[in-house]
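Taking it in order: structure first as structure tokens, then the write-up.
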Amino acid sequence: MARKAGKDRGITQRKGREGWWVRLYANGRERWHRCDTKSQAKALYGRLKADIREGKYFPEKFSSGKDITLRAWMNRCLEGSTNRGIENERRYGRRWSLLLGKRLITEITTEDLRRVQAKMRTRLRPRPADASKDSEPERQWSDATINRHFTFLRHVLMLAVKDGKLTRNPVSSVKFLPEVRRTRFLSDEELFQLEQIMPPAAWKLVAFAIETGMRREEQFQLRWDQIDLEAGVATIPLPKGGKTRHVPLSEGAKDILRSLDSFVRSPWVFPSPKFPLQSWNPQSFVNHFYSPYLQKVGIEGVCWHTLRHTAASRRVMAGVDLVSVKEILGHRDIQTTLRYSHLSPGHLQEAVNKGSLTRTVTKTVTSAPADKSNRDVEWSQVTEIVER
Numbered sequence: 133m134a135r136k137a138g139k140d141r142g143i144t145q146r147k148g149r150e151g152w153w154v155r156l157y158a159n160g161r162e163r164w165h166r167c168d169t170k171s172q173a174k175a176l177y178g179r180l181k182a183d184i185r186e187g188k189y190f191p192e193k194f195s196s197g198k199d200i201t202l203r204a205w206m207n208r209c210l211e212g213s214t215n216r217g218i219e220n221e222r223r224y225g226r227r228w229s230l231l232l233g234k235r236l237i238t239e240i241t242t243e244d245l246r247r248v249q250a251k252m253r254t255r256l257r258p259r260p261a262d263a264s265k266d267s268e269p270e271r272q273w274s275d276a277t278i279n280r281h282f283t284f285l286r287h288v289l290m291l292a293v294k295d296g297k298l299t300r301n302p303v304s305s306v307k308f309l310p311e312v313r314r315t316r317f318l319s320d321e322e323l324f325q326l327e328q329i330m331p332p333a334a335w336k337l338v339a340f341a342i343e344t345g346m347r348r349e350e351q352f353q354l355r356w357d358q359i360d361l362e363a364g365v366a367t368i369p370l371p372k373g374g375k376t377r378h379v380p381l382s383e384g385a386k387d388i389l390r391s392l393d394s395f396v397r398s399p400w401v402f403p404s405p406k407f408p409l410q411s412w413n414p415q416s417f418v419n420h421f422y423s424p425y426l427q428k429v430g431i432e433g434v435c436w437h438t439l440r441h442t443a444a445s446r447r448v449m450a451g452v453d454l455v456s457v458k459e460i461l462g463h464r465d466i467q468t469t470l471r472y473s474h475l476s477p478g479h480l481q482e483a484v485n486k487g488s489l490t491r492t493v494t495k496t497v498t499s500a501p502a503d504k505s506n507r508d509v510e511w512s513q514v515t516e517i518v519e520r
């Protein structure tokens, strides 16, 4: 008997259930497998029928959830996450959902990911949903941003490997893009321009970032019960490194905290203007305050993390040693802090001159008496310095 028009053998939609379902019989038992789309269901049905014919169909391998889509698996991985960077991870997850979310994780190949990587390099980044047209212009994906997306996907799929849902991670064969390490920091003139044009309440968040050197999520998730003004310390319970760290508060940072009225109306140091019982969404602040005012004064090549670079750079240029800067910023590795060792040529020149032999000789000669015998004694001292 001929099948009804529009009907496909072995696939159907089930009442009250989402997606498309593959139905087949093996060893006298009915088996069901869910897919997100009809095309996925058709492909899976054909593959499973071939496995049955060849004696390679083992239903138990599906009981562990190997037929899960990337979107569903990412959602499962992000459920209940307490990672301080969860907002970034959710953003990466949303973009991967648009790109490959309906694919079964077992069907994602390295070649697919290389094509996505190439597409990212030639396409504009999607504008944030809550950004106004004038607040953030469309721009191309940076190599660093692309790498962050692939780092997230690599971690998610590695969890699938550990859980037995994948035999290998397809991201492991994708070559990451070379990144240009930037240590852009704001000059005193740029900071002055920004302070003059920004609303005072918004400027306090920028100034606090420079005073403390906190990461964006650390600052915007900061609660009043983590602040000890008397001791001058802010305690970050779950920083990037996964260990509690204590951020010393400068006098400038303490002055900013004392000027805030959020203490009486919110548990958050920087609460949402509309919903005080919620923390201020950092991306919303960047989209509506930080980026627009940077554009107005013509400051380019700057993101929120630039404030952290600025905090470190100002301390190094003020003579703070790199080990202390490492502790203030919470770097796990001194190599990360060493990026600030080069800084501006003027400060390097001054540092070199402080230990210059020419300066020592010049100072000795300039202060030497006119008497020749004494002058010989002074030069013998110089020789002794050189020989050391």
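Sequence positions in the sequence shown follow this note's numbering and run 133 to 520. The C-beta atom is built at its ideal place from N, Cα and C for all residues, glycine as well. A quick note: this is a predicted structure, and the numbers were derived from the prediction, not measured.
Taken in chain order, the unbroken stretches of alpha helix (DSSP H) that lie wholly in the segment 315–375 and span 4 residues or more are 320–329, 332–344 and 348–352.
Contact between Arg355 and Val306 is ruled out by a C-beta separation of about 39 Å, above the 8 Å threshold. By the Cβ neighbour-count rule, Asp199 is buried, with 16 or more other Cβ atoms within 10 Å of its own. Between the segment 282–298 and the segment 442–454, the count of Cβ pairs shorter than 8 Å is below three; the stretches do not touch.
A straight line joining the alpha-carbon of Arg155 with that of Pro302 spans about 29 Å. Between Glu327 and Trp335, the CB-CB gap stays under 7 Å. The C-alpha of Met346 is placed about 28 Å away from the C-alpha of Phe308.
Nearest in C-alpha terms to Thr254, of all of Ile278, Gly233 and Leu236, is Ile278. The beta carbon of His463 sits closer than 6 Å to the beta carbons of Thr469 from its chain, once the five residues preceding and following it are set aside; these are given in chain order. For Phe395, the CB contacts under 7 Å within the same chain, skipping 5 residues up- and downstream, are Trp356 in chain order.
DSSP, read as helix, strand or coil, puts Ala450 in coil.
Rounded to whole angstroms, the Cβ separation of Leu439 and Val338 is 6 Å, and the two are in contact under 8 Å. The three-state reading of DSSP puts His437 in helix, counting H, G and I together. Within 10 angstroms of the beta-carbon of Leu409 lie fewer than 16 other beta-carbons, which makes it exposed.
Arg235 sits in coil when the DSSP states are folded into three classes, being neither helix nor strand.
Rounded to whole angstroms, the separation of the alpha carbons of Arg300 and Val418 is 38 Å. DSSP links Trp400 through a beta bridge to Arg355.
For Leu470, there is no enclosing alpha helix (DSSP H), as DSSP marks it with neither H nor E. In this structure, Gly225 and Met206 form a Cβ contact; the two beta carbons are roughly 5 Å apart against a cut-off of 8 Å. The beta-carbon distance between Phe284 and Glu221, rounded to whole angstroms, is 6 Å. This is short enough to meet the 8 Å contact definition. In the three-state DSSP reduction, Trp228 falls in the helix class (H, G or I).
In this structure, the straight-line span from the alpha carbon of Leu426 to that of Glu432 is close to 7 Å. Burial is judged here by how many other beta carbons sit within 10 angstroms of a residue's own beta carbon; Arg185 has fewer than 16 and is exposed.
In terms of Cβ geometry, Ile143 and Lys188 do not form a close pair [threshold 7 Å]. When the alpha-carbon of Thr201 is set against those of Trp228, Arg179 and Glu459, the nearest one is in Trp228. Residue state for Gln145 is assigned as coil, using DSSP reduced to three classes.
The Cβ atoms of Ile388 and Phe340 sit closer than 7 Å to each other.
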